[in-house]
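A.B. asks: Submitted below is the structure of interest, expressed as structure tokens.
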Amino acid sequence: MNQKKKSRRYRFALIGLFFPALGMAQEGPCAPALQEACRTAQKLAVAIQKQLPMKASPQASLEMAVAEKHVLVVSGRFSFDAEAAKKYFMQSGVTLDQFQDRYSQSVKPSLCRPGSETYQFVRMGGVVEYRYAYSNNDPFMKFGVVRCD
């Protein structure tokens with residue numbers, strides 16, 4: 016597969032991303048049963064990082080991709096602060112938990128597209144974790160994709 020198609024696939028998988036800090040990675044070396052997932056996380060992080068920073072939406076950008084053992088961590092930032100988010104959620108009648116749940120579910124179809132590298136990565140035990148921050152770098156939300164159903 017040529018590099019341009021791979022870039023598009025990674026970009027498509029990233030478009031639905033948004034927030035910081037889930038902490039699924041463990042300390043120490045990669046577990047023997049997860050060696051392939053650890054190698055794949057490294058490979059995906061390098062490929063994705065080459066495309067960043069990327070504007071995911073008018074309010075959010077993706078800024079960093081790193082591998083932490085078998086976890087591919089993608090970090091981003093929103094263009095608003097906690098006060099603006101609180102005001103938005105109050106006006107819309109949506110809680111942070113509801114927003115996070117909806118957002119994490121919207122990301123899953125692109126990551127779990129059968130045959131994609133991210134689908135294979137998750138199926139082998141890898142985790143894709145999204146960490147998002149407010150505009151001032153305070154943590155906003157985090158979530159992970161641990162299964163492709």
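Each number in my numbering corresponds to the 1-based position in the sequence shown with 15 added. Backbone N, C-alpha and C fix where the C-beta goes; we use that ideal spot for every residue, glycine too.
Would Val122 be called buried (16 or more neighbouring beta carbons within 10 Å of its own) or exposed?
C.D. replies: Burial call: buried.
A.B. asks: Based on DSSP bridge pairs, tell me the residues matched to Met156.
C.D. replies: BP columns for Met156 point to Tyr147.
A.B. asks: Among Asp164, Ser150 and Arg146, whose alpha-carbon lies nearest the alpha-carbon of Phe158?
C.D. replies: Ranking Asp164, Ser150 and Arg146 by Cα distance to Phe158 puts Arg146 first.
A.B. asks: Please report how far the alpha carbon of Arg162 lies from the alpha carbon of Arg138, in whole angstroms.
C.D. replies: Roughly 7 Å between the two C-alpha positions.
A.B. asks: Assuming contact is defined by CB atoms lying nearer than 7 Å, are Pro85 and Ala52 in contact in what I supplied?
C.D. replies: The question names Pro, but residue 85 in the sequence shown is His. Yes, these two residues count as a Cβ contact at 7 Å.
A.B. asks: Ala60 and Ala75: beta carbons closer than 7 Å?
C.D. replies: Cβ atoms of Ala60 and Ala75: not closer than 7 Å.
A.B. asks: Just the Cα atoms here: how many angstroms apart are Ala46 and Lys70?
C.D. replies: Approximately 34 Å between the Cα atoms of the pair.
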